[in-house]
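In mature numbering (1 follows the signal peptide of the UniProt record, and there is no 0), the protein residues as written are -24 to -1, 1 to 203.
Reviewing the structure listed below.
Here's what the structure looks like:
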């Protein structure tokens, strides 16, 4: 009788242990390990608790560039708009995007949409995101655009950026910088060679053609901003 009673108890314990291990493994998986790398957001998902949304006016900022100068959007009176990208030194997704960000600047700067890269990370939390190391990164990666330090961590909060990289495409309208696109650079942050759809570039080209942006929001996949 004892043996018959004991065996079901063992089976129950084994089953509970299996589910516990499965739950733990799921929690340990990277937050960006979705089966589908990138998806256009549904109408419900586009509503955020804070930060800019499509059609909002983005306020100007005044941030320190890696060359020591202070940079604002108002320093570019002839720009038609801006490609604002929140990125950093350390995130693997941001690092995988560096060449693409340089290419975007080269493609669109002369057409009126220069890149403004902003590092939102707190170096006290992520020591490899100090201003000195930003300078090293800009030099080593051949950045052709301002790489700005959001030292107070207020700019990324106003925008609502939570990932690196996270893109905000702005267009000048009546002297205001209006948000036209929010999200990812393209549909494969991990592998530039596997990109099928260039969300950001498509949006800029539509604005240049005088059209409305078709895909206004996508899901930015990257590392969480370190606060």
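Every residue gets a Cβ at the ideal spot worked out from N, C-alpha and C, and that includes glycine.
Remember, predicted model here, so these are calculated numbers, not experimental data.
- Around the C-beta of residue 101, fewer than 16 other C-beta atoms lie within 10 Å, and the residue is accordingly described as exposed.
- Residue 129 is classed as exposed because its beta carbon has fewer than 16 other beta carbons within 10 Å across all chains shown.
- Contact between the stretch 157 to 174 and the stretch 84 to 92 is absent: fewer than 3 CB-CB pairs across the two stretches fall below 8 Å.
- If the five residues before and after residue 48 are omitted, its C-beta is found closer than 7 Å to the C-beta atoms of 36, 37, 38, all from its own chain and listed in chain order.
- Per the coordinates, the alpha-carbon of residue 183 lies some 24 Å from the alpha-carbon of residue 74.
- In the DSSP secondary-structure assignment, residue 92 is bridged to 60.
- In this structure, residue 132 keeps its C-beta atom at 8 Å or more from the C-beta atom of residue 161.
- In terms of Cβ geometry, residue 34 and residue 155 form a close pair [threshold 8 Å].
- Collapsing the DSSP output to three states places residue 113 in a helix.
- Assigned with DSSP and collapsed to three states, residue 147 falls in strand.
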